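Chains as they are written, first to last, in our numbering: chain A, 1 to 410; chain B, 411 to 765; chain C, 766 to 1063.
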Amino acid sequence: MRGILAVLTGLALVVGAAAPVAAQKEIVVGLQCDRTGATQTVGVNLCPGYHDYIKLVNAKGGVGGYKIRAVEIDHEYKVPQGMEAYERHKKEGAVLIGVYGTPHIYAMAQKLTEDRIPATSPGFGSAAAADGQRYPYIFPIAATYWSQGAAAVEFVKKQLGGLKGKKLAYLFFDNPAGREPIAVLEDLSAKEGFQLKTFAVPPPGVEMGAQALDIAQRYRADFVIAHLFGRSPSVSIKELKRVGYPLRKVVSFVWGSAEADIEAAGGWAVAEGYYAMQYAGVGTDFPVLNEIRAMYKQEGKEAPKEMMSTVYYNRGVLWAAIHVEAIRNALKAKPDVKITGEDVKNGFEKISGFTLGGLVPPLKITSLDHEGGGLVQIYQVKGGKFEKVTDWFSAYGDVVQKHIHEAAKK
Amino acid sequence: MIHRECGVLKTSYGADMALYPLPIARWTVGAIGVLMFAVVPFTLHEYYLSIVNLVSIAVIGALGLNILVGYTGQISVGHGAFMSVGAYTAANFAVRLGWPFWAALPMGGLMAAAVGAVVGIPSLRIKGLYLAIATLAGQLIIEWTINHVTFISGGVQASIEVPRPALFGISIASQRQMYFFLLAFVVLAVVGTMNLMRSRVGRAFIAIRDHDIAAEIIGINIFRYKLLAFAISSFYAGVTGVLYTYYLGVANYEQFQINVSIDYLAMIIIGGLGSVLGSIFGAVFVTLLPIAIRYAMEAFGGLLFSEASVRNIIPNLRLILFGGLIIMFLVVEPEGLNRLWRNIRNYFRVWPFAY
Amino acid sequence: MAEDLGFFALLMSNGILIGLMYSLIALGFVLVYKATDAINFAQGEFVMIAGFVVVASLLAYKAPLWLAIVVGLGAMIGFGFGLERVMLRRLIGRPIIAVVMATIGLAAVLRGIGPLTWGADTKNLALPISDEPFVLGPLFVPPIQILGAAVSLAFLAAFGWFFLKSRKGIAMRAVADSQQVAMAMGINVERYFALAWAMTGVVSALGGVVWGSLLGVDVHLSLVGFKVFPVVILGGLDSVPGAILGGLIVGIVENVAAGYIDPYVGGGTKDFAPYVLMIVALMIRPYGIFGKRIIERV
C-alpha cells in the first residue's frame, strides 16, 4: 500500500518534471486564476474568456507574426501559491503577468519591479498602483476601487438629484480591498455634504442580517453603495430585500454585479431594480464575441457555457485584449528583437482609444496613469436581464488623484 | 554493516552527548550539508530554488508547531496568527523606526512569543478539542485586531512593504541569495530544536504530553512549562512570519489565515508528531504536493480530459488529493513519514543481516 | 426611543431565528460526538454535499421538491454509513488530534469533490416559501428563517425523545458512556456507531436544504460549519438541548455585537464576539452549559 504510493508519487514527479519546450515565434504570457478558492465562481468564468480571446488571436495568425501562449496557474486565491505561480511564469519566460487578487498584487509589487515584468490587475486593488511613477510595472488597466467609489457617488448624486443632507450607506466586505474606497468616500462626503455610514461584513460574508436591518430600519439610508465579493453580493440582495429595502436604491461595485450573483440571489425577478457597476461591456452582443462563437462553430463545437456568464467572461476577454494590444505595441516598437517585459510595459503606456466594439472602455494608459481613466458603466437588473443605464463615465478625478499622490508619498 | 553502532566508544562527556555520535550519521549529515550549501544552489534553476526557499520557511514553522503539538501535546490552530504577529511587528519596526532586519527579526519573534503565551493561558484549564477551539478563537481575534487596528496594520491596505534585508552591505534579493539566507536560519532552527528537546525543558514538555498529572506530581510546574511551550512555538512562528515577509517584500495578514494554520498541522501530522526529522519531511511534502499534482496533471491530464476541463479539474483534484493523503496517512501510518524513515533506517541498522 | 426598542427587537428576533438555524448544523456535530466521541470538523461540508445533491436532483433531473429531499436524505444516510465504515472505524482509539485531522482532510476532499462533480457556480435551491417577510409590528420575519427554526425545534423534540425514552437512544447513550461495558451488555457497538452517523446524515440533509435555500448552493455553503464551534462549546459538546441553547446565544450575541458594538470599532465584531464569549465561558465552565463533566482519574 505504502509502496504503491511511493512509486506513484515518484513517477508523477519524474514525468511531470519534463517541462514543455517553448516553440519558436512564441510569446509567453502568465495568467493567474482562482478556480478553487474564495472567488472560484468568478475565476471559472473569467479565465476561459481570457483563453478564448487568445485562441481567437492565434487563429487569426497571432500578433505581429508571433503566437501567444497563455500559461494559466490556479492559486486558490492564496498568496504563497501565487508567488510560486509567478516564479513558474518567470521560468517559462513570461513577459507579462495577469495577476488575480488584491493581496497578490501587493505581495508581488516589489518582485515585479525588481524583475522588470509588468503585471495587470483589472478590477482588483491596489488603487495606489494607478500611479505609473511610483509603481512603474503595475497596471490596473481598469477602474480601481477609488475610481469606482467616486463613480458610485456621482451616480447616486444623479439618482437622488443632489447629495446634500442625504444619508449614504457603504456596505463592504471587511478586508483591505473592501476598505480601500472608504477614504475617498469620506472625502466626498465632506465635499458634497452627505452623511456616510459604513457597515462592515466580516468574511466570508454569508450572513449579514444585522447590517441589513441597521441600514433599512435604524439608519434608513437613502442609497446603499455595496462593495462585496464572492458569495456576499447575492446574500446582500436577499437580506436587503428581506428587510424591505428597495433594491433600486442599491448600487454595487464591479464584483457584486454578475449574472451569477443575481441567480444565486434567487433569480432576476428577485433582484429587480438592482444597479451594478461594470468595467467591461455586458451581454452577448459584441462583434468579438460573435467571432469567438464563429471560431467554435468552425471547430464543430458549441460555444462554451462560460460565455453565458457574460459579466465575468467579457472581463476575461477585456483582460486578454488589453494584453494583446500592449504586446502589439511592443512588437511595433521593436519588430525584430525578442521583446522583454520592459518593452511590454512601454507597450501598455501607448494604449489609447482601443474599444473592441464597445466591450472595452476607451482607456488611455500613460506613463503617469496606469489605470486608464477610471471608466465604468452602470447597468440595472430590469425585466430579466441587465439593461445599460449609463455610458462610460468617470468622476471626481481630482479627488482620486489627490489620494494617489498621498499614497505615493508613503 | 553500514550503520554500525557497536565499537563506537567515547572517552569524554562532550563526545558522548554529541548530537550525532555515530560516524555514519556524521558522514550523512556532512554530505547533506555539502549538497545543500555547495551543490544545489549552483546547479538548480532559480525557479526550483524559489520552491526550496518556500520549503525552508515552512520547515521553521513546522518545527515550531511540532514543539507545541508534538512534544507538549497541546493542540493549537493558531499558528498562522502568530506568524502574522511576528510579520507585522518586524515590518512596523523596520518601516517606522528604520531598524535593520537583524534587529527587527528578534522583535518579531519576541512579540509573537508574548502573544502566544497569552493565547496559551486557557491551556491550563482546558485540553484537547476545547483547547484547539480556544486557539482557533485566538487566531480569529488576532486576525481581526491586525485587520482593524491601523497602528499595527499600517493603513487600510493592511499591507506593509519592507526593504530587502542586507548582510554586510549586500542586499539579499535574488532567489539564490535568499536560498543561503534562509538555509542558515533552517540550520539554526533545526539544531536549536534538537538541543531543546534534549534539555531539561524538552523533557518537561514530553512529560506533560505523556501524562500531565503525573508530571505535576513529580514537581514539574505545568503552568510554567505549558506557557513556555506556547511561547517558544510562537517565537518560531513569529520568525517564520518575519522571514516570509522579507522573502516576499511585503507583510499582509491575508497570507496568514486559518488555512495556513491547518496546513502546518497537516505538515506535522503527515511528517510525524514529536520529531524534528518529521517536521522537515512534513514541510517538504505539504509544500511540494500542490506543485507535484499540477505537474502530474499537466503531464497526464491531456490524455484523459479536454484542455478546458483539465484547468477546472486540476485545482479540485489538488484539494481532493491533499485531503485524501492526509486521511490515508492517518489511517495507514499514524506516525507519519518519520516512521517510514525509521523503518528504512532500522532495516539498514542490521543489514546485511535480517535481524 | 421606541425606534431603538424596535431595532433591538428586530435584532433579537433575527438573532433567535438565525441562532436556531446554527443549532441545526451543530446538532449533527453533537450527535456524532455524543455517540462515538468523534469530532467532525467536516460538518459544514456535509451540509454542502447535501445541498448539492438536493439541488442537482431538482435542477438536473427535474424531480419534484419532496423527491429531491428524499434523495438527499438517502444519499446522506448512505454517505454517513459509508464514512463510518471506511474511515472512522480505523481511527477508533487514536489520539484526538488524529480524528480531528482526519475530518479536516475529509473536509478538503469534499470541498474538492463538490465543485468537481456539480460545477462551481452557485445554484439556487427554490423552496415554495415566499421571500417577502412577515411583518409583525416592528418585526420583519423572513419565512425561511421560521422554517429553519421550526426544523431545529422539531429535531430537538425528536432527538430529546429518542435519547431519553426509546430503546435505541438509551443504547446509544450507553455506548457513548463506555463502549466496553455496552459490549458486555450485548449491545452491538458498531451498529450504533453507524446509526449515529446516519442520523447526522439526516440532520445534515435538512440543514443543507434550509441553508442552501438561504444562501444558495455552492462550495462556500461549507463555511457555515465554522459557526458550529462556539455553539457546541457554549452548549456542551454532547448535549442536544445544549446545541439549541448554544445556537441561540451565538445568534443573539452576533446580532447584538453587529448592531451595537460594530459602529464603535469599525465593524467586523460579529464574527469573533461569540468566540470571545466562548473563551470566557471556557475559563469558567469548561464543559459548556449542559456538557458532561469529564473527571480525570490518575
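Glycine included, C-beta positions come from ideal geometry on N, C-alpha and C. Predicted model only: the values in this text are computed from it and were never measured.
Alpha carbon to alpha carbon, how far is residue i from residue j?
i              : j              : result
residue 69(A)  : residue 27(A)  : 6 angstroms
residue 81(A)  : residue 128(A) : 24 angstroms
residue 260(A) : residue 750(B) : 48 angstroms
residue 91(A)  : residue 461(B) : 12 angstroms
residue 104(A) : residue 834(C) : 41 angstroms
residue 591(B) : residue 217(A) : 57 angstroms
residue 23(A)  : residue 298(A) : Low local confidence applies: a pLDDT of 48 at residue 23(A) is under 50, so the model's placement there is unreliable, with the coordinate-based value given in what follows. Approximately 25 angstroms, taken between the alpha carbons.
residue 672(B) : residue 189(A) : 42 angstroms
residue 519(B) : residue 992(C) : 31 angstroms
residue 254(A) : residue 370(A) : 19 angstroms
residue 756(B) : residue 417(B) : 18 angstroms
residue 123(A) : residue 500(B) : 31 angstroms
residue 21(A)  : residue 312(A) : With a pLDDT of 44 at residue 21(A), under the threshold of 50, the modelled position of this residue cannot be trusted, and the question is left open.
residue 229(A) : residue 463(B) : 32 angstroms
residue 296(A) : residue 72(A)  : 21 angstroms
residue 972(C) : residue 642(B) : 42 angstroms
residue 793(C) : residue 908(C) : 23 angstroms
residue 397(A) : residue 406(A) : 14 angstroms
residue 877(C) : residue 447(B) : 39 angstroms
residue 508(B) : residue 562(B) : 15 angstroms
residue 733(B) : residue 868(C) : 9 angstroms
When DSSP labels each residue in this structure, what does residue i get in the three-state scheme?
i              : result
residue 414(B) : coil
residue 218(A) : helix
residue 745(B) : coil
residue 460(A) : Past the boundaries of the shown model lies residue 460(A); chain A is included only from 1 to 410, so the question cannot be answered.
residue 507(B) : coil
residue 21(A)  : Below a pLDDT of 50, predicted positions are generally treated as unreliable, and residue 21(A), at 44, falls in that range; no measurement from the model is reported.
residue 667(B) : coil
residue 368(A) : coil
residue 98(A)  : strand
residue 589(B) : helix
residue 950(C) : coil
residue 199(A) : strand
residue 584(B) : coil
Starting from residue i and walking both ways along the alpha helix (DSSP H), at which residues does that stretch end?
i              : result
residue 227(A) : Counting along the chain, residue 227(A) falls outside any alpha helix (DSSP H), though it belongs to the beta strand (DSSP E) covering 223–227.
residue 569(B) : Here residue 569(B) belongs to no alpha helix (DSSP H); instead the beta strand (DSSP E) covers 569–571.
residue 546(B) : 538–558
residue 314(A) : 310–333
So the beta strand (DSSP E) residue i belongs to, where does it begin and stop?
i               : result
residue 377(A)  : 377–382
residue 303(A)  : That residue, residue 303(A), is in no beta strand (DSSP E); it is neither H nor E in DSSP.
residue 460(B)  : That residue, residue 460(B), is in no beta strand (DSSP E); its alpha helix (DSSP H) goes 456–475.
residue 1084(C) : A query on residue 1084(C) cannot be resolved here, the shown segment of chain C reaching from 766 to 1063 and no further.
residue 151(A)  : No beta strand (DSSP E) contains residue 151(A), which is instead part of the alpha helix (DSSP H) from 145–160.
So that I know if they touch, is there some Cβ in chain C lying closer than 8 angstroms to that of residue i?
i              : result
residue 726(B) : yes
residue 112(A) : no
residue 481(B) : no
residue 21(A)  : Any reading at residue 21(A) needs caution, since the residue's pLDDT is 44, under 50, leaving its predicted position unreliable; the model's value is listed next. It does not; no Cβ of chain C falls within 8 angstroms.
Could you tell me which residues DSSP puts in a beta bridge with residue i?
i              : result
residue 70(A)  : 29(A)
residue 639(B) : Answer by DSSP bridge pairing: none, since residue 639(B) is not bridged.
residue 406(A) : Looking at the DSSP assignment, residue 406(A) forms no beta bridge with any residue, so it has no partner.
residue 674(B) : None; residue 674(B) has no bridge partner.
residue 352(A) : 364(A)
8 angstroms is my cut-off, CB to CB: does residue i come that close to chain B?
i               : result
residue 64(A)   : no
residue 1036(C) : yes
residue 938(C)  : no
residue 873(C)  : yes
residue 299(A)  : no
Against chain A, with Cβ distances strictly below 8 angstroms, would residue i count as a contact?
i              : result
residue 965(C) : no
residue 783(C) : yes
List the residues of chain F whose Cβ lies closer than 9 angstroms to the Cβ of residue i, in chain order.
i               : result
residue 1020(C) : Although the question refers to chain F, the structure presented lacks it and instead comprises the protein chains A, B and C.
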